[in-house]
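Undergrad:
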Amino acid sequence: MAHRAHRWRAAGVTAAATGLISLGLAAPQASAAGEPRVDLRVLVVDDGAGPVGAITAQLRSEGIPYTTVDLEDSGRPTITGAFLSDTVGGRPRARFQGVVLPDEAPFGAASAEQTALEEYERTYGIPQLDAYTWAHPGVGLDYTDRDGYAGPLDGRTANVTAAGRAGPFGYLRGSFSFEDNSASVDESYGFVAQPRAGFTSYVDTPVPGGTGAGSLLGEYAHDGRRELVVTFAHNQYQQQFRVLARGMVEWLTQGVHLGQARNYFAVHVDDVFASDARWDAERNCTPGDIDCAGGGDDTGTPIRMTAADAQYLASWQRGHGLTLDLVFNAGAGEEWKAEHGGTDALTGQLLADKAQYRWVNHTYTHPFLGCVQDVTTVPWSCAKNADGSTKWVSRSDISGQISDNYSWALLHGLSVDPGELVTGEHSGLKTLPQQPQDNPNLGPALAANGVKWTASDNSRESAQRAVGSGALTVPRYPMNVYYNTGTRAEMADEYNWIYTSRADGGSGICEDNPASTCLAEPLDTATGYVDHIVPNEAHTDLGHVLGNDPRPHYVHQSNLAEDRVLYPVLDRVLADYQALFADSAPIVNLRQSAIGAELQNRAKWQTALDAGKVTAYRIGNTVTVGAPSGTKIPVTAPEGTRQQQVLGTTAFGTAYAGERSDWAAPGLLQTALTLKLP
246 MAHRAHRWRA AGVTAAATGL ISLGLAAPQA SAAGEPRVDL RVLVVDDGAG PVGAITAQLR
306 SEGIPYTTVD LEDSGRPTIT GAFLSDTVGG RPRARFQGVV LPDEAPFGAA SAEQTALEEY
366 ERTYGIPQLD AYTWAHPGVG LDYTDRDGYA GPLDGRTANV TAAGRAGPFG YLRGSFSFED
426 NSASVDESYG FVAQPRAGFT SYVDTPVPGG TGAGSLLGEY AHDGRRELVV TFAHNQYQQQ
486 FRVLARGMVE WLTQGVHLGQ ARNYFAVHVD DVFASDARWD AERNCTPGDI DCAGGGDDTG
546 TPIRMTAADA QYLASWQRGH GLTLDLVFNA GAGEEWKAEH GGTDALTGQL LADKAQYRWV
606 NHTYTHPFLG CVQDVTTVPW SCAKNADGST KWVSRSDISG QISDNYSWAL LHGLSVDPGE
666 LVTGEHSGLK TLPQQPQDNP NLGPALAANG VKWTASDNSR ESAQRAVGSG ALTVPRYPMN
726 VYYNTGTRAE MADEYNWIYT SRADGGSGIC EDNPASTCLA EPLDTATGYV DHIVPNEAHT
786 DLGHVLGNDP RPHYVHQSNL AEDRVLYPVL DRVLADYQAL FADSAPIVNL RQSAIGAELQ
846 NRAKWQTALD AGKVTAYRIG NTVTVGAPSG TKIPVTAPEG TRQQQVLGTT AFGTAYAGER
906 SDWAAPGLLQ TALTLKLP
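For reference, each letter of the sequence shown is one residue, going 246 to 923 in the numbering used here.
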């Protein structure tokens with residue numbers, strides 16, 4: 246096996262190229278006709294610690310089948326040759342294409358289980374990933390007292406080596422940093438060590454306090470086996486793991502597996518054509534909305550984009566290559582125009598540039614579409630009928646809001662998809678605690694207007710679900726860029742109100758919420774937005790991008806006005822991403838309907854996996870996958886892979902990060918998906 250691994254590195258090809266997939270195809274002395282069957286499933290031996298949990302989370306995120314053996318479970322299966330392999334139709338079968346272990350020998354060196362596992366890996370060429378271990382000769386590394394280091398890695402720069410870029414980490418640009426979110430907490434610990442014979446470093450770092458570099462992640466080829474050795478602790482949320490997770494999986498599966506991953510980023514801008522109420526720094530609420538005790542009109546100037554803001558938006562998009570979704574309320578814009586002499590330069594500019602955006606129906610005038618709100622108290626409540634039942638906004642009112650906005654869009658030539666909708670404040674959907682169920686009139690109104698994908702708030706409902714008989718939700722992440730702020734100072738002031746203690750003049754919400762943390766001291770309103778809020782929000786958003794998470798983010802048109810507070814966040818996300826990833830792994834920017842379909846496909850796939858209704862295996866260079874009828878199958882394979890049809894083959898998948906992947910289905914008159922690897 247070592248000579249094949251060397252050929253892959255020497256050839257300078259990517260992880261998805263033919264040198265990689267040639268590894269581990271056949272048992273020793275097997276003929277072409279007698280090649281073993283290798284099931285496309287991963288064995289995970291779990292000790293309950295973060296590193297194995299992180300890799301398991303990545304497998305699940307991508308849709309890769311895995312079997313978990315819990316070391317803490319006294320009733321777990323014993324690892325034996327019979328557990329790992331058997332025979333199907335007279336052909337030897339390896340039941341797992343890769344093995345994830347907490348460390349190099351969790352069962353104990355030379356134990357019966359460890360011996361069985363190592364013999365299995367040796368016989369079938371199965372890779373082993375050691376989720377986290379220390380540096381020592383048993384994993385191909387010198388001890389750290391020989392030009393190495395053991396200790397915190399916070400803020401350290403790591404580099405993908407030439408071998409890593411030519412192999413499984415070719416989608417990375419070259420370097421990244423370990424997180425350092427707190428000066429008072431050690432967030433990352435690891436071992437930096439010098440490789441011994443048989444060890445190829447894929448990621449290294451300058452030795453702290455020493456000279457030269459040492460390895461943090463690499464491949465150890467020995468004794469007819471291959472191990473991916475990770476010598477830094479990690480969890481599934483840390484950026485250093487998120488950056489490397491794809492490559493770990495590709496190494497483990499040798500570039501051929503069920504499931505797929507992309508780096509997604511979509512941003513919805515709500516309330517386009519409308520205006521938004523402004524935060525009152527004196528009252529710490531938003532007059533003109535319904536959150537101010539004692540009521541009161543909006544005495545401040547509402548926040549609304551200008552034509553110059555629209556011109557800036559179009560220019561920014563062209564310069565950054567990211568299309569924003571403009572979620573619009575045409576009726577609110579018409580009302581504004583009527584109140585301002587019958588002209589509206591903003592609408593004129595946005596319509597002049599209409600082809601540059603994706604447009605999403607946000608209802609005509611942005612009313613609340615759930616229960617009829619009683620706003621005589623703060624917080625509001627649902628109004629009641631005489632019999633005590635909830636008073637609901639009618640189906641005809643909901644339908645009119647949807648259809649009037651869509652008709653306006655058609656009249657003005659907007660490229661709007663009738664299947665997409667974002668209701669004002671995600672209203673109509675259940676809103677806890679006041680409205681614990683959907684407006685029963687919402688589902689029928691969506692169906693009547695052909696709406697298939699309606700947005701929901703991910704902070705309230707993170708899972709996709711049905712609304713009525715024909716629509717599904719598309720959960721959206723609310724960005725920490727507030728709808729009622731147009732300036733940096735307003736952003737910092739409202740942020741202070743939410744995230745500072747009562748003793749520091751804040752609301753104390755952070756003190757009362759176990760999931761929140763109070764600021765050590767209030768932000769300076771002159772500098773706090775750029776210095777604190779922007780980097781924190783960009784870090785959160787980038788985490789979603791790196792998590793194979795297609796769910797969109799949302800902000801409001803007010804954030805593109807006045808100080809244009811959204812752009813520093815977007816600039817930071819895009820710049821940080823481009824510094825990490827090579828051109829082969831661009832950000833995928835989908836519209837709402839495509840995001841909804843992606844989430845729907847994932848849910849159906851996971852249901853099929855959980856029910857044990859997926860069969861997938863590889864024999865030589867042929868991959869065969871069977872799944873329930875109507876279930877799309879996610880597959881990742883190397884460049885040059887072709888799908889077998891009844892007559893001939895067709896090119897498979899789309900290119901991403903040096904591989905081909907797609908949601909696929911059997912061809913016409915076929916019951917299984919068959920792929921031919923190059």
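Built from N, CA and C at the ideal position, the CB exists for glycine as well.
Specify, as a first and last residue, the run of the alpha helix (DSSP H) that residue 377 falls within.
TA: Counting along the chain, residue 377 falls outside any alpha helix (DSSP H), and DSSP gives it neither H nor E.
Undergrad: If you pair each beta-carbon of the region 390-399 with each one of the region 881-898, do three or more pairs fall below 8 angstroms?
TA: Cβ pair count under 8 angstroms is below three, so no.
Undergrad: Under a three-way DSSP split, which group does residue 523 fall into?
TA: Residue 523 falls in the coil class under three-state DSSP.
Undergrad: Sorted by chain position, which residues of the same chain lie with C-beta nearer than 6 angstroms to residue 665's C-beta, five sequence neighbours on each side aside?
TA: Closer than 6 angstroms at Cβ, skipping near neighbours: 605, 698, 837, 838.
Undergrad: What does residue 606 pair with, by DSSP beta-bridge criteria?
TA: For residue 606, which the question treats as bridged, DSSP gives the partners 573.
Undergrad: Where does the unbroken beta strand (DSSP E) through residue 392 begin, and where does it stop?
TA: Careful: residue 392 lies outside any beta strand (DSSP E) and carries neither H nor E.
Undergrad: Taking 8 angstroms as the limit between beta carbons, can you name the residues of its chain near residue 722, skipping five residues before and five after?
TA: The residues are 703, 704, 786, 789, 796, 797, 798, 799.
Undergrad: Of all the alpha helix (DSSP H) runs that stay within the bounds of the region 804-876, which reach a length of 4 or more residues?
TA: Listed in chain order, they are 811-825, 837-855.
Undergrad: Can you tell me whether residue 311 is helix, strand or coil according to DSSP?
TA: Here residue 311 sits in strand by DSSP.
Undergrad: Please determine if the region 874-883 and the region 496-513 are in contact, where contact requires at least 3 C-beta pairs separated by less than 8 angstroms.
TA: Touching, per the Cβ criterion.
Undergrad: Contact defined as beta carbons within less than 8 angstroms: I believe residue 669 pairs with residue 643. What is the distance between those atoms, to the nearest angstrom?
TA: At roughly 11 angstroms, the Cβ-Cβ gap does not stay under 8 angstroms, so residue 669 and residue 643 are not in contact.
Undergrad: Please work out which residues of its chain come closer than 6 angstroms, Cβ to Cβ, to residue 552, disregarding the five sequence neighbours upstream and downstream, and give them in chain order.
TA: Within the same chain, residue 552 has close Cβ partners 590, 591, 594.
Undergrad: Does the Cβ of residue 274 have 16 or more other Cβ atoms within 10 Å, making it buried, or fewer, making it exposed?
TA: The pLDDT assigned to residue 274 is 39, lower than 50, so where the model puts this residue is not dependable; a value taken from the coordinates is nonetheless given after this. Looking at its Cβ environment, which holds fewer than 16 other Cβ atoms inside 10 Å, residue 274 is exposed.
Undergrad: Going by DSSP, name the residue or residues bridged to residue 561.
TA: Answer is none; residue 561 lacks a bridge partner.
Undergrad: Excluding sequence positions up to five away, which residues of its chain have a Cβ less than 6 angstroms from the Cβ of residue 377?
TA: The residues are 296, 475, 478.
Undergrad: May I ask you to report which of helix, strand or coil DSSP gives residue 616?
TA: Correct three-state label for residue 616: strand.
Undergrad: Taking the Cβ atom as the reference point for each residue, do residue 692 and residue 715 lie within a distance shorter than 7 angstroms?
TA: Against a cut-off of 7 angstroms, the Cβ pair of residue 715 and residue 692 comes out as a contact.
Undergrad: Determine the direct distance from the alpha carbon of residue 424 to that of residue 251, and round the result to whole angstroms.
TA: With a pLDDT of 30 at residue 251, under the threshold of 50, the predicted position of this residue should be treated as unreliable, and no value is reported.
Undergrad: What would DSSP say about residue 516, mapped onto helix, strand or coil?
TA: Strand, per DSSP.
Undergrad: Could you please give the first and the last residue of the uninterrupted beta strand (DSSP E) stretch that includes residue 548?
TA: Counting along the chain, residue 548 falls outside any beta strand (DSSP E), and DSSP gives it neither H nor E.
Undergrad: By the DSSP assignment, the beta strand (DSSP E) with residue 466 in it spans what residues?
TA: From DSSP, the beta strand (DSSP E) with residue 466 extends over 458-467.
Undergrad: Would you kindly work out how many angstroms separate the C-alpha atoms of residue 500 and residue 902, rounded to a whole number?
TA: Roughly 11 angstroms between the two C-alpha positions.
Undergrad: Could you tell me the alpha carbon to alpha carbon distance between residue 485 and residue 422, rounded to whole angstroms?
TA: Using only the alpha carbons, I get a separation of about 7 angstroms.
Undergrad: Does DSSP put residue 755 in a helix, a strand or coil?
TA: Reduced to three states, the DSSP call for residue 755 is helix.
Undergrad: Mapping DSSP to helix, strand and coil, what is residue 424?
TA: Correct three-state label for residue 424: coil.
Undergrad: Give the range of the alpha helix (DSSP H) segment to which residue 369 is assigned.
TA: 357-369 is the extent of the alpha helix (DSSP H) around residue 369.
Undergrad: By the 10 Å Cβ neighbour count, where 16 or more other Cβ atoms means buried, how is residue 804 classified, buried or exposed?
TA: When all chains shown are included, residue 804 counts as buried.
Undergrad: Who are the Cβ neighbours of residue 843 in its own chain at under 6 angstroms, not counting the five residues just before and after it?
TA: The answer, listed in chain order, is 795.
Undergrad: Look at residue 208 and residue 448 and say whether their C-beta atoms are less than 7 angstroms apart.
TA: Nothing in the structure corresponds to residue 208, since the chain is present only between 246 and 923.
Undergrad: Counting pairs of Cβ atoms below 8 angstroms between the region 567-580 and the region 617-632, do you hit three or more?
TA: Verdict: no, contact absent.
Undergrad: May I ask whether a heavy atom of the ligand SAH can be found less than 6 angstroms away from the beta carbon of residue 782?
TA: Only the bare structure without any ligand can be found here, which leaves the ligand SAH out of the picture.
Undergrad: How close, in whole Å, do the beta carbons of residue 285 and residue 863 come, if the pair is a contact with beta carbons under 8 angstroms?
TA: Between residue 863 and residue 285 the Cβ distance is about 6 angstroms, and since that is below 8 angstroms, they are a contact.
Undergrad: Under a three-way DSSP split, which group does residue 305 fall into?
TA: Helix at residue 305.
Undergrad: Counting along the chain, where does the beta strand (DSSP E) carrying residue 878 start and finish?
TA: Run containing residue 878: 878-883, per the beta strand (DSSP E) assignment.
Undergrad: Just curious, the alpha helix (DSSP H) that residue 488 is in, first and last residue?
TA: Counting along the chain, the alpha helix (DSSP H) containing residue 488 begins and ends at 484-498.
Undergrad: Go ahead and label residue 291 buried or exposed: buried means 16 or more other beta carbons lie within 10 angstroms of its beta carbon, across all protein chains shown.
TA: Classification for residue 291: buried.
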